[in-house]
Structures are given as structure tokens and as C-alpha cells.
Amino acid sequence: MALRNILKDTDEQLRKKSREVTEYNKRIHTLLDDMRETLIEADGVGLAAPQVGVLRRVVIVMDTSKEDLTPEEQIIELINPEIIEEEGEQYGTEGCLSVPGVYGYVTRPMKVTVKAFDRNGKQFEVTGEGLTARAFCHEIDHLEGQLFTDITDHILTPEELEELRAGDEYDDDGEDA
Ligand code: NI
């Protein structure tokens with residue numbers, strides 16, 4: 066395993082559409098292993114392959130609602146993910162490992178169900194609520210070359226950011242994905 070460099074928002078790679086994975090080979094396994102290590106090191110809640118410069122439809126998301134699991138165990142690997150069901154709405158702050166220090170309000174579904182393939186090509190469905198639903202949406206947007214800064218209706222001011230940081234231990238707002 067190796068840490069990969071996380072591209073920043075000025076990088077053109079982040080604006081491209083990622084291609085489907087067709088072969089579940091060692092290259093994809095290595096990519097996933099490296100992404101896991103990179104996400105944990107960066108202390109984020111999600112990471113998409115284009116963020117490490119690989120234009121493939123591969124994302125990982127941490128299900129932080131599973132509090133009894135270690136961060137490593139919370140990671141869900143999703144290949145060729147597709148949202149098949151959405152429910153409700155949430156309005157809250159969002160950040161991105163590719164846009165460090167910037168947070169903005171984004172409306173997302175409260176609950177989403179995603180269809181995806183695991184690293185061995187086996188199809189599965191997973192449902193996430195709250196922050197996990199937000200992270201699924203955020204990561205899948207990355208595969209389309211979209212960043213949260215494109216869809217936010219308000220970027221936090223330095224004062225608002227300070228307030229958010231002060232309340233960080235009590236809520237899920239302001240996580241990087
Ligand atoms: Ni992101």
C-alpha cells in the first residue's frame with residue numbers, strides 16, 4: 066500500500082468524467098488499498114479515484130454511523146456506483162479534501178441507496194443516512210467532474226467557519242470528502 070497525492074481543485078483532472086471499471090483486477094485492488102490508506106491519513110469521510118488522479122468510477126466512503134467499528138472497518142468500497150433511491154432532504158455544510166479549508170452549505174437527500182460492485186465484481190446495494198448519504202452523493206459527483214463548490218448556495222465566511230469548528234465535536238458538519 067502507498068499513500069497517494071490528493072489533487073487540489075485547480076487540477077483539470079478533477080473536472081473530467083471518470084470511466085467505468087470493466088476489469089476487477091490487481092490494479093483496481095491496489096488503487097482501493099492506496100485510497101483507503103490515503104483517506105485515513107487525510108482524516109476524511111470519503112475519497113473518489115479522480116481525487117488521486119485516476120479517472121475510474123471508484124469511490125470509498127466511511128460509514129461513520131457504525132461507531133463500534135474502527136475507521137478502517139467503516140470504509141465501504143464502491144465500484145461503478147449508482148444512486149437508485151433517494152429519500153428526504155438535508156441542508157448542511159460540506160467540505161472536500163481537494164478544496165482544503167473551504168466549507169459550504171449543500172442540499173442533499175437525507176437517505177440514499179446505492180447500487181455498486183465490490184472489488185471482486187460482485188454487485189451489492191447499500192443504504193446510507195445523514196452524513197453517509199451526503200458522502201455517497203459527494204463522491205459520486207466527483208466521478209462526473211463536479212465539486213461541492215459548484216452546487217453550494219453559501220460558502221462559509223471565516224466567522225462562520227470558526228463557529229463550525231467550535232461545534233465540531235457535537236455534530237457531523239464540516240467533514241471532508
Ligand atoms: Ni470531495
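Take 66 as the starting number for the sequence shown in my numbering and just add one per residue. Yeah, the Cβ is synthetic: ideal placement off N, Cα and C, and Gly gets one too. Predicted model only: the values in this text are computed from it and were never measured.
Bridge partners - residue i, DSSP secondary structure assignment
i	result
Leu143	Val124
Gly160	Tyr168, Asp241
Val191	Val179
Ala113	Val124
Glu150	Thr178
Ile220	Gly169
Gln155	Arg173
Residue span of the alpha helix (DSSP H) that contains residue i, given as start and end
i	result
Arg173	Here Arg173 belongs to no alpha helix (DSSP H); instead the beta strand (DSSP E) covers 164–173.
Lys91	91–107
Ala200	196–208
Local Cβ density within 10 Å of residue i, reported as buried at 16 or more and exposed below that
i	result
Pro174	buried
Gly111	buried
Residue i and residue j closer than 8 Å at C-beta
i	j	result
Glu137	Ile93	no
Gly169	Leu221	yes
Ser163	Leu212	yes
Ala181	Pro223	no
Val126	Phe201	yes
Leu208	Ala113	yes
Val244	Ile148	Any question about residue 244 goes unanswered here, given that the chain covers just 66 to 242.
For residue i, the three-state DSSP class (helix, strand or coil)
i	result
Thr214	helix
Arg84	strand
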